[in-house]
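Student: One structure is given below, represented as structure tokens, and several questions about it will come after.
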Amino acid sequence: MKIRKTRKEERGVYRYPISVPDGNGGYRQDNIIIRPGENEITEAWISTLHSLDDSEVYYNCKNGHPPMTADEKAARKDWEEEHPGEKYSTGWNLSLDYYADSDDDSADKQNFLEDTSVSNGDDVSSEVEHLHELVDTMTDRQQEVYKLLFIEECSLTETAAILGMSVPTVYNHKKRILEIIKKNF
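Mapping to our numbering: the sequence shown position 9 is 806, numbers consecutive.
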């Protein structure tokens, strides 16, 4: 986890850290150095890599010390009064693995993980499923035209050039496709 930005004078190249086997069953840190002008690498690309690193550093630092609520501040003050001379430990958990791996049975870990999970978009509406079924009933040529015109948003001319057809033929396929969809929806 990076917490420091790369110095300005070192930003002419990009150092990509890797772990290399050391031969004793462990690993050692090494760097792959990316230089502009080698393997079609541009200065803009290196600048982009440093910008991405800067963003990572910002969010690591920001999330590493989240702001305390009023209740947390009060609890900290109470603890410090009860333990004079000791430092209040602030160990924020930033990993879901903590909840998944903990032995604390008081919390329902499964519900927590379900609540924090993100849907990957597998939920498809019935209309979309019906449209997929309609496309499957079309001829191969109509499916190709449908894909190029409606999915990849090519123009009639581009579609005709890709499929080796005339523009009027592509237009007729488009017209039939729309008729099939309108008829069955």
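All C-beta atoms in this analysis are idealised placements derived from N, C-alpha and C, irrespective of residue type, glycine included. Here the structure is a predicted model, which means the values were calculated and not measured.
Got a sec, what are the start and stop residues for the alpha helix (DSSP H) H968 sits in?
Tutor: Per the sequence shown, the amino acid found at residue 968 is Tyr instead of His. Unbroken alpha helix (DSSP H) run through Y968: 964 to 981.
Student: Between which two residues does the beta strand (DSSP E) containing Y885 stretch?
Tutor: Where Y885 is concerned, there is no enclosing beta strand (DSSP E), given that its DSSP letter is neither H nor E.
Student: What are the uninterrupted segments assigned as beta strand (DSSP E) that are 3 or more residues long and contained completely in the stretch 802 to 872, given in chain order?
Tutor: 811 to 818, 824 to 831
Student: For T956, I'd like the list of residues in its chain whose CB is within less than 7 Å of its CB, leaving aside the five on either flank, ordered along the chain.
Tutor: V942, L945, L946, V967
Student: So what's T956 in DSSP terms, helix, strand or just coil?
Tutor: When secondary structure is reduced to three states using DSSP, T956 falls in the helix class.
Student: Using C-beta distances below 6 Å, list every residue in its chain close to Q939, excluding the 5 sequence neighbours before and after it, in chain order.
Tutor: H970, I974
Student: Ordered along the chain, which non-local residues of its own chain (more than five positions away) have a Cβ less than 7 Å from that of R801?
Tutor: V854
Student: Return helix, strand or coil for S903, following the three-state DSSP convention.
Tutor: With a pLDDT of 49 at S903, under the threshold of 50, the modelled position of that residue is not reliable, and the figure given next carries that caveat. Looking at S903 - three-state DSSP - the assignment turns out to be coil, as it is neither helix nor strand.
Student: Out of S886, P814, V932, N821, which one is the CA nearest neighbour of N981?
Tutor: V932
Student: Thinking C-beta only, is I830 closer than 9 Å to Y856?
Tutor: no
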